[in-house]
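A.B. asks: Under the numbering used here, the residue at position 236 of the sequence shown is numbered 311, and the numbers go up by one with no gaps. Note that CB positions come from ideal geometry on N, CA and C, so glycine has one too. Take this structure, written in structure tokens, and hold onto it; I'll ask about it next.
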Amino acid sequence: MKEPKKILLIHTGGTIGMEGSEHLEPGHYAEALVEQLPEYAGFAHIDSVVLCNLDSSDIGPRQWRELALTIARNRAQYDGFIVIHGTDTMPYTAAALSFALEGLDRPVVLTGAQRPMGALRNDARRNLADAIEVSTLPIPEVSLCFDGVLLRGCRSCKINTRAYHAFDSPGCEPLARLGVDITLARHIRYPSAPFRCCPEFGANVIVVHVTPGIMPGTLNRLLTGDPAIDGIVLIPFGVGTVPCADSDIVAFVETATSRGIDVLVANAATGKIDLPLYENSNVLSKAGAISGGEIRQEAALVKLMHACATYRDRDERIEYLRYNIAGEMG
């Protein structure tokens, strides 16, 4: 008989362990979630640790750093990791761990729930059971497990606040589907370099959504704040177009890049940023913006935060931003 895999469950909070009928708040029993699934006692040896007990809207760079370091410190002792997390910012944390844990050689699975474990008709039990199973499989990626699918963490986004099918990874097929059988995809990534943990994230990065009729001068004021911003994620229309006739967006990008501020162009829709395709998108490339390919806006923000904190040399940052680190760009 095979030895059960050793799994470390790291609790950060979220709906899955909350209490209350009207206004949900972190529950005190959350660290004992695994006890709700006694049938898994012999399937895997599961230890648990409570990193924090927060609503996911309060989770950011400091908690990402602590999570990455916790996984790195315990990597030799465990075959896989489960991170219990609230749904609202789960894709951001999944992206952060994807970039912080380079050369990852074992599963790191994020999961949570739309309804708490103690509620009737909850999705918490299935999501946790699925996460336990996939954390024992040879899927050495940071992933998000929810409603019977396993998504690449750095391609995931929240698509619904009320349905159990709350997440998707547009343009990227699930890493696994969990039905009667567990079917693994062929595009699972495997490490090509030694493991290293780079857990730092900068905070002075902003997201700018291009909108019709944006007022001249509005954007340039973002460049005069104190403290100065380090990076900008620009969300244009379609494949990367921006208004050029009566807008200062191109001048804004030129000013930012001339000051050493990195501008990463990301997509809010399914598809790929293709700056050379149209004149109204090629202007961004000429202004010094960096194409993010298929990167989602959540992953783009986190990747730029990671680049700004990890690479002081601008050429190194640009090279990093153009490189497909964890499958985030396609």
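For a test of the three-state rule: what should DSSP assign to residue 337, helix, strand or coil?
C.D. replies: The residue labelled residue 337 in the question sits at position 262 within the sequence shown. If DSSP states are grouped into helix, strand and coil, residue 337 belongs with the strands.
A.B. asks: Rounded to whole angstroms, what's the CA-CA distance from residue 101 to residue 158? Just pull it up for me.
C.D. replies: Within the sequence shown, the letter at position 26 stands for residue 101. Within the sequence shown, the letter at position 83 stands for residue 158. Any reading at residue 101 is ruled out, since the residue's pLDDT is 49, under 50, leaving its predicted position unreliable.
A.B. asks: Just how far apart, CA to CA, sit residue 361 and residue 378?
C.D. replies: The count along the sequence shown starts at 1 and reaches residue 361 at position 286. The count along the sequence shown starts at 1 and reaches residue 378 at position 303. For residue 361 and residue 378, the distance between alpha carbons rounds to 22 Å.
A.B. asks: Tell me the DSSP bridge mates of residue 257?
C.D. replies: As a first step, residue 257 must be located in the sequence shown, where it is residue number 182. According to DSSP, residue 257 bridges with 253.
A.B. asks: Are the region 342-354 and the region 288-302 touching, with three or more C-beta to C-beta distances below 8 Å?
C.D. replies: The way I'd put it, the region 342-354 doesn't touch the region 288-302; fewer than three beta-carbon pairs between them come closer than 8 Å.
A.B. asks: Quick one, are the C-beta atoms of residue 340 and residue 315 less than 8 Å apart?
C.D. replies: Your numbering for residue 340 matches position 265 in the sequence shown. Your numbering for residue 315 matches position 240 in the sequence shown. Against a cut-off of 8 Å, the Cβ pair of residue 315 and residue 340 comes out as a contact.
A.B. asks: From the DSSP secondary-structure annotation, give me the bridge partner or partners of residue 84.
C.D. replies: Taking the sequence shown and counting its residues from 1, one reaches residue 84 at position 9. Partner(s): 123 and 157.
A.B. asks: Got a sec? Which residues, its chain only, sit under 8 Å from residue 294 by beta carbon, not counting five neighbours each side?
C.D. replies: As a position in the sequence shown, residue 294 is number 219, starting the count at 1. Closer than 8 Å at Cβ, skipping near neighbours: 283, 323, 324 and 327.
A.B. asks: Please report the residue range of the alpha helix (DSSP H) in which residue 397 lies.
C.D. replies: Walking along the sequence shown from the start, residue 397 turns up at place 322. Unbroken alpha helix (DSSP H) run through residue 397: 389-397.
A.B. asks: Tell me whether residue 385 sits in a helix, a strand or coil according to DSSP, three-state version.
C.D. replies: Position 310 of the sequence shown holds residue 385. Here residue 385 sits in helix by DSSP.
A.B. asks: Quick check for students: name the residue ranges of the beta strand (DSSP E) that lie wholly in the region 185-229, counting only runs of 3 or more.
C.D. replies: 217-221 and 224-227
A.B. asks: Can you tell which of 370, 126, 290 and 163 has its C-alpha closest to the C-alpha of residue 310?
C.D. replies: The count along the sequence shown starts at 1 and reaches residue 310 at position 235. Among 370, 126, 290 and 163, the Cα nearest to that of residue 310 belongs to 370.
A.B. asks: What would DSSP say about residue 417, mapped onto helix, strand or coil?
C.D. replies: As shown, the chain starts at 76 and ends at 405. That puts residue 417 outside it, with no answer to give.
A.B. asks: Terminal residues of the continuous alpha helix (DSSP H) containing residue 148?
C.D. replies: Your numbering for residue 148 matches position 73 in the sequence shown. Unbroken alpha helix (DSSP H) run through residue 148: 136-149.
A.B. asks: Please say whether residue 187 and residue 161 have beta carbons closer to each other than 8 Å?
C.D. replies: Locating residue 161 in the sequence shown gives position 86, where the first residue counts as 1. Locating residue 187 in the sequence shown gives position 112, where the first residue counts as 1. Remark: C-beta atoms of residue 161 and residue 187 approach each other more closely than 8 Å.
A.B. asks: Mapping the DSSP letters down to three states, classify residue 355 as helix, strand or coil.
C.D. replies: Within the sequence shown, residue 355 is the residue found at index 280, counting from 1. The answer is helix: DSSP assigns residue 355 an H, G or I state.
A.B. asks: Given a cut-off of 8 Å, decide if residue 263 and residue 216 are closer than it, judged by their beta-carbon atoms.
C.D. replies: If you number the sequence shown from 1, residue 216 lands on position 141. If you number the sequence shown from 1, residue 263 lands on position 188. For residue 216 and residue 263, yes; Cβs fall inside 8 Å.
A.B. asks: Going by Cα to Cα distance, which pick from 270, 93 and 388 is closest to residue 128?
C.D. replies: Within the sequence shown, residue 128 is the residue found at index 53, counting from 1. Of 270, 93 and 388, the residue nearest in Cα terms is 93.
A.B. asks: Taking 8 Å as the CB-CB cut-off, is residue 279 touching chain C?
C.D. replies: The structure shown contains no chain C; it holds only a single protein chain.
A.B. asks: Assign residue 235 to one of two classes, buried (16 or more other C-beta atoms within 10 Å of its C-beta) or exposed (fewer than that).
C.D. replies: As a first step, residue 235 must be located in the sequence shown, where it is residue number 160. By the neighbour-count rule (16 or more Cβ atoms within 10 Å), residue 235 is not buried but exposed.
A.B. asks: Comparing C-alpha positions only, which one of 266, 279, 313 and 273 sits nearest to residue 286?
C.D. replies: Within the sequence shown, the letter at position 211 stands for residue 286. Ranking 266, 279, 313 and 273 by Cα distance to residue 286 puts 313 first.
A.B. asks: Rounded to a whole number of angstroms, what is the C-alpha to C-alpha distance between residue 240 and residue 225?
C.D. replies: Counting from one through the sequence shown, the residue named residue 240 turns up at place 165. Counting from one through the sequence shown, the residue named residue 225 turns up at place 150. When rounded, the distance between both Cα atoms is 12 Å.
A.B. asks: At the level of alpha carbons, what is the spacing between residue 242 and residue 218?
C.D. replies: Taking the first residue of the sequence shown as position 1, residue 242 is located at position 167. Taking the first residue of the sequence shown as position 1, residue 218 is located at position 143. Their Cα atoms are separated by approximately 12 Å.
A.B. asks: For the alpha helix (DSSP H) containing residue 309, list its first residue and its last residue.
C.D. replies: Position 234 of the sequence shown, counted from the start, is the residue given in the question as residue 309. Run containing residue 309: none in the alpha helix (DSSP H); it sits in the beta strand (DSSP E), 306-310.
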